[in-house]
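There are 2 protein chains.
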Amino acid sequence: MSVTINDVANEAGVSKSTVSKVLNHWTTISPATVEKVHAAIEKLHYTPNSRAVNFAKGATSNIVYLTNLEKDTAYRNPHMFDIMCGVHHTLSENNYSLTLVNTSEEHYPGEKVSEVITSRSSDGLIIHGSAINKEIANLILDAGFPHIIIGHPSFESCLCWVDTNHALAGEYAAAHMIACGYTDVAFIGERKTDYISAQRQKGFMAGMLDRGFHIPAARIGNTDSSWQHTYSVTSDMLTQPVPPRAIVCENNTLALGVIQAVKDRQLSIPDDIAILTFDVYPYSSIIDPQLTIVDINVYDTGVQAGSMMIRKLQNPELLIQSYTTLPVIIQGESTRPLT
Amino acid sequence: MSVTINDVANEAGVSKSTVSKVLNHWTTISPATVEKVHAAIEKLHYTPNSRAVNFAKGATSNIVYLTNLEKDTAYRNPHMFDIMCGVHHTLSENNYSLTLVNTSEEHYPGEKVSEVITSRSSDGLIIHGSAINKEIANLILDAGFPHIIIGHPSFESCLCWVDTNHALAGEYAAAHMIACGYTDVAFIGERKTDYISAQRQKGFMAGMLDRGFHIPAARIGNTDSSWQHTYSVTSDMLTQPVPPRAIVCENNTLALGVIQAVKDRQLSIPDDIAILTFDVYPYSSIIDPQLTIVDINVYDTGVQAGSMMIRKLQNPELLIQSYTTLPVIIQGESTRPLT
DNA sequence: CTGAAAGCGCTTACAG
DNA sequence: CTGAAAGCGCTTACAG
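Written out as structure tokens, the structure is:
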């Protein structure tokens, strides 16, 4: 039917071993032969059958992206797909393909991972943080299967992972506020037990302190993440004898409550109260006023995870546990340099 | 190294042909033999090497999802990923895997499609409407490669596609308005040349007419999609001697302009003016008031596309050109039955 | 109902 | 620098 390596060998007048070596860029082939083989390939429009290549080489040039995929996941968690696009970009540059595997419909934990590992249908596994658990960790570790987890697993292990440094993003927030001239800045976060919120707060406070400004406890508000609670915590802060000059909100949802509390007090943003938040959310664009945001480039996180996977594949012994963060300030109308 | 079909054959005391037949559910094997083979498989924890299976069968059990993937695609076009999740769901139920291929970084149009087709790395191609063009169409058609396009291509062809019936969604909007008791309903859409807007308008008007209500031209507003224009078109409509009782907005972005125009006139939603729009957008949830929406279940569109692909694979001659739409009314606070 | 044998299209030691 | 041969682990006519 379709043209095979034998047809090319015949056309070029060489053996199929030689054609294979040309295809795989062996350096021992004479330039003249390489030339002949290429001419034959062109003439016959030959493309290697990847199924045969995979089988002979014992590898697939395919990586699995393991995550939870349900109706509406795309709306609720667009970040996960942005990460995926970054992963895809790097892998595709390195001639690897990316296959999706869904853990949300498993019959038992680890079902899909065992399938991937035992069926030898891919060379490595990139796992979104939301899909990792101990069962999966053990399967991977026992099999010695190449993997990268996106997001620090919540349990101790010698898994390979990449994660975002949220404290660093908090420092960026502090740096921006100081650069604008705001020195009395409050922080509205989630519960103290929320990992990301706590990290951002820590980084923010450290960043302020490094620049000579200590943030007192009265300037820190912890909420249960609800609109109502955020509104009331913010209102309390604004009615103190000396209200803060600026507020860092730990996320966009909190920002909605904070903005309303500020507006209801007839205060102007940013002239009376400046506001900064983290992460571009799907609805960031219609928040009024347009907020200044410390955004984490999660696409880049995906790109990094892809590179790590390529390195793992070349050097399976490699233990990777790394923080990779690219924070970006997106300047909105809710902060402005004091003149 | 790992356990092969030969090991299983030895363990079970049969030939590897027999093991293969059991694996492939041939009906000619005696129950006793099937039993023995299964026992051996269990004992050895055997899983077929999918690379070998693919090669021997001349198929991959893999489908490619072709689309544009860039940084921020996930935020700008979450619908595309929701469709993808639907496709993945169906394929995975049928033991097919889904591999992502990106057309946005091609060196020349059709590059990725040729690769997919000639490398025989997948059994079929599902193409998101945004990625289809004539080059790709010709490659697919010439190769006779199994494919489903999601979205009616803009050019004439005998490609297989599935698409959404937007006129039907328009009819749903009309039905909902009438059910609430609103009979004098305006429609605010995009330019007349916008396909989706025109279809929705057509369906809406037909739906109203079917129920005995003719919508006059003065109740139709076409905009250039900008906030400003939408605001002014709406304002004009509201200042007519008899303003409409309800407004159907062709999308959420238009709805933002419409809502502002209504509010600025001190009119109450839905008591003075009821509002309905189409599609759940990422920021639908924070629009105030929460809008009543005719949503298209695009996950279901993906599910349907997946089924179509499975049918195509079983019957390659099948020509599929079908509208598959599952509109859903999401009741918000912007419409309410008149009592 | 079962098995021996050929074949799927490559890669890779190995010999020359 | 090149080629003959074995091998990768299955499937599938075909014969019995």
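Those sequence lines, one after another, are chains A and B. With the UniProt record's numbering applied, the first sequence covers 1 to 339. With the UniProt record's numbering applied, the second sequence covers 1 to 339. Even for Gly, the Cβ is constructed at its ideal location relative to N, Cα and C.
Original post:
Among all the DSSP beta bridges, which residues are the ones paired with H147 (chain B)?
Top reply: Its beta-bridge partners are B:L125.
Original post:
Helix, strand or coil: how does DSSP classify W26 (chain B) here?
Top reply: coil
Original post:
Can you tell which of B:T277, B:V242, B:L66 and B:E106 has its C-alpha closest to the C-alpha of I188 (chain B)?
Top reply: B:T277
**OP:** Taking L267 (chain B) as the reference, give the member of B:S235, B:L338 and B:I132 with the closest Cα.
**Re:** B:S235
**OP:** Taking the CB atoms as reference points, tell me whether K71 (chain A) and D82 (chain B) lie closer together than 9 Å.
**Re:** yes
**OP:** Answer with buried or exposed for C180 (chain A), where buried requires no fewer than 16 other C-beta atoms within 10 angstroms of its C-beta.
**Re:** buried
Original post:
With distances taken from CA atoms, which of A:T292, A:K112 and A:T118 is nearest N133 (chain A)?
Top reply: A:K112
Original post:
Taking Cβ to Cβ, would you say P153 (chain B) is nearer than 9 Å to G170 (chain B)?
Top reply: no
Original post:
With burial defined as no fewer than 16 other Cβ atoms inside 10 Å of the residue's Cβ, what is the status of P78 (chain A): buried or exposed?
Top reply: buried
Original post:
Do the CB positions of L209 (chain B) and W227 (chain B) come within less than 9 Å of each other?
Top reply: no
Original post:
Taking contact to mean at least 3 C-beta pairs separated by less than 8 Å, is the stretch 100–118 of chain B in contact with the stretch 283–295 of chain B?
Top reply: no
Original post:
Is it the case that the Cβ atoms of T73 (chain A) and M84 (chain A) are separated by a distance below 9 Å?
Top reply: no
Original post:
Applying the criterion that 16 or more other CB atoms from any shown protein chain within 10 Å of the CB defines a buried residue, is T28 (chain B) buried or exposed?
Top reply: exposed
Original post:
Beta-carbon separation of A175 (chain A) and Q199 (chain A) under 9 Å?
Top reply: no
**OP:** Return the first residue and the last residue of the beta strand (DSSP E) that D329 (chain A) is part of.
**Re:** Rather than Asp, the amino acid found at residue 329 (chain A) in this sequence is Ile. Unbroken beta strand (DSSP E) run through I329 (chain A): P327 to I330.
Subject >> chain B within 9 Å of N49 (chain A), Cβ atoms only >> reply: yes
Original post:
Could you give the residue range of the beta strand (DSSP E) that holds C249 (chain B)?
Top reply: A246 to C249
Original post:
Beta-carbon of Q105 (chain A) versus every beta-carbon of chain B: anything under 9 Å?
Top reply: Note on residue identity: the sequence assigns Glu, not Gln, to residue 105 (chain A). Taking Cβ atoms only, chain B reaches closer than 9 Å to E105 (chain A), which makes this a yes.
Subject >> Ordered list of beta strand (DSSP E) runs contained in the stretch 268–316 of chain A, each at least 3 residues >> reply: 274–278 and 292–296
**OP:** With F204 (chain B) as the anchor, note down where its alpha helix (DSSP H) starts and where it stops.
**Re:** Per DSSP, F204 (chain B) belongs to the alpha helix (DSSP H) from Y195 to D210.
**OP:** Just grab the DSSP bridge partners of V185 (chain A) for me.
**Re:** A:A246
Original post:
Run through DSSP, which three-state label would Q321 (chain A) get?
Top reply: Strand.
**OP:** Taking 9 Å as the cut-off, decide whether the C-beta atoms of R120 (chain A) and S2 (chain B) are in contact.
**Re:** yes
Subject >> Short CB-CB distance (under 9 Å) between G257 (chain B) and chain A >> reply: No - not a single Cβ of chain A is within 9 Å of the one on G257 (chain B).
Subject >> Cβ pair I329 (chain B), V294 (chain B) closer than 9 Å >> reply: If you check the CB distance, I329 (chain B) and V294 (chain B) come in under 9 Å.
Original post:
In three-state DSSP terms, what is S92 (chain B)?
Top reply: helix
Subject >> Span of the beta strand (DSSP E), counted from its first residue to its last, around I63 (chain B) >> reply: N62 to T67
Subject >> C-alpha gap between Y182 (chain A) and A206 (chain A), whole angstroms >> reply: 16 Å
**OP:** My understanding is that Y299 (chain A) touches G86 (chain A), with C-beta atoms under 8 Å, so please give their C-beta distance in whole angstroms.
**Re:** Confirmed, Cβ separation roughly 4 Å.
Original post:
Exposed or buried, which one is F55 (chain B) when buried takes at least 16 other CB atoms within 10 Å?
Top reply: buried
Subject >> Rounded C-alpha distance that separates N68 (chain A) from I127 (chain A) >> reply: Here the C-alpha atom of N68 (chain A) lies approximately 10 Å from the C-alpha atom of I127 (chain A).
**OP:** Quick one: measure Cβ to Cβ for D279 (chain B) and N252 (chain B), integer angstroms, because I've assumed they're closer than 8 Å.
**Re:** 6 Å
**OP:** Determine, using beta carbons only, whether P243 (chain A) and I215 (chain A) come nearer to each other than 9 Å.
**Re:** no
**OP:** Specify whether the stretch 37–48 of chain B and the stretch 3–14 of chain B touch according to this definition: at least 3 beta carbon pairs, one from each stretch, less than 8 Å apart.
**Re:** By the Cβ test, the stretch 37–48 of chain B is in contact with the stretch 3–14 of chain B, since at least three Cβ pairs between them sit closer than 8 Å.
**OP:** Would you list, in chain order, the members of the stretch 78–91 of chain B that have their beta-carbon closer than 9 Å to a beta-carbon of chain A?
**Re:** For chain A, the residues of the stretch 78–91 of chain B that bring a beta carbon within less than 9 Å of one of its beta carbons are P78, H79, M80, F81, D82, I83, M84, C85, G86, H88 and H89, in chain order.
**OP:** Give every residue of the same chain whose Cβ lies closer than 7 Å to the Cβ of N95 (chain A), excluding the five residues on either side of it in the sequence, and list them in chain order.
**Re:** Same-chain partners within the cutoff: S61.
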